[in-house]
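A.B. asks: Below is one structure. I have some questions about it.
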Amino acid sequence: MGRMKIIPDAKKKELQQILEISGENVKDCMQCGKCTAGCPASSSMDILPHQVIRLLQLGQLDKVANSQTIWSCASCFTCTTRCPRNIDLAKLMEAVRLTIIRSKGSSRLKADDVPGKIDPKMPQQAIVSGFRKYNK
Ligand code: SF4
Ligand code: SF4
């Protein structure tokens with residue numbers, strides 16, 4: 002009996018793309034959970050930030066791609082600043098989103114779709130993060 006393949010061949014390219022876009026090495030994660038403990042959006046996530054990394058380590062991209070988590074992530078970089086292994090999880094989240102949007106062939110949001118009037122109290126970072134989240 003041959004060895005079991007943990008990462009299906011079809012997903013290897015997408016995984017490689019995510020690692021290339023982010024420039025991060027998911028193997029460095031030691032699953033300490035500090036990213037999750039500090040994440041302000043974790044209550045609205047179905048997979049917690051440290052679990053995202055674990056799934057990427059295991060090549061389980063589908064679970065990550067189909068999760069609410071990647072769209073709930075606010076790109077706040079708290080996880081990035083807390084990681085003792087210097088893993089930029091915020092970048093990884095962005096890379097997963099970009100890979101999904103690109104695989105669908107089009108952006109989810111175009112500049113013209115952004116309402117002319119945005120709540121002036123909204124932080125600029127939220128506007129930029131939101132636009133980046135839906136645009137390739
Ligand atoms: S803080 Fe860093 S090392 Fe710890 S679980 Fe999160 S990504 Fe992994
Ligand atoms: S960047 Fe995303 S995953 Fe990281 S702490 Fe902020 S909301 Fe959570």
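With the numbering used here, the residue at position 52 of the sequence shown is 53, and numbering never jumps.
Backbone N, C-alpha and C define an ideal beta-carbon position, used for all residues, glycine too.
Do you know whose CA, among VAL97, ILE102, GLN18 and ILE101, lies nearest PRO50's CA?
C.D. replies: As a first step, residue 50 must be located in the sequence shown, where it is residue number 49. That would be VAL97, whose Cα lies nearest to the Cα of PRO50.
A.B. asks: Please list, in chain order, all residues of the same chain as CYS80 whose beta carbon is under 7 angstroms from its beta carbon, the five residues on each side excluded.
C.D. replies: Working through the sequence shown from its first residue, we reach residue 80 at position 79. Hits under 7 angstroms: CYS36, GLY39, CYS40, PRO50, LEU90 and ALA91.
A.B. asks: Just the residues with CB closer than 5 angstroms to a heavy atom of ligand 2, in chain order, which are they?
C.D. replies: In chain order, the qualifying residues are CYS40, ALA42, PRO50, CYS74, ALA75, CYS77, THR79, CYS80 and ALA91.
A.B. asks: Is ARG83 near ligand 1, going by C-beta to nearest heavy atom under 7 angstroms?
C.D. replies: By 1-based counting over the sequence shown, the position of residue 83 is 82. The answer is yes for ARG83.
A.B. asks: Under three-state DSSP, which class holds GLY60?
C.D. replies: For the purposes of this step, residue 60 is taken as the residue at position 59 of the sequence shown. Coil at GLY60, not helix or strand.
A.B. asks: Taking all protein chains shown into account, do 16 or more other C-beta atoms lie within 10 angstroms of the C-beta of THR70, making it buried, or fewer, making it exposed?
C.D. replies: As a first step, residue 70 must be located in the sequence shown, where it is residue number 69. Counting Cβ neighbours within 10 Å, THR70 comes out buried, since at least 16 surround it.
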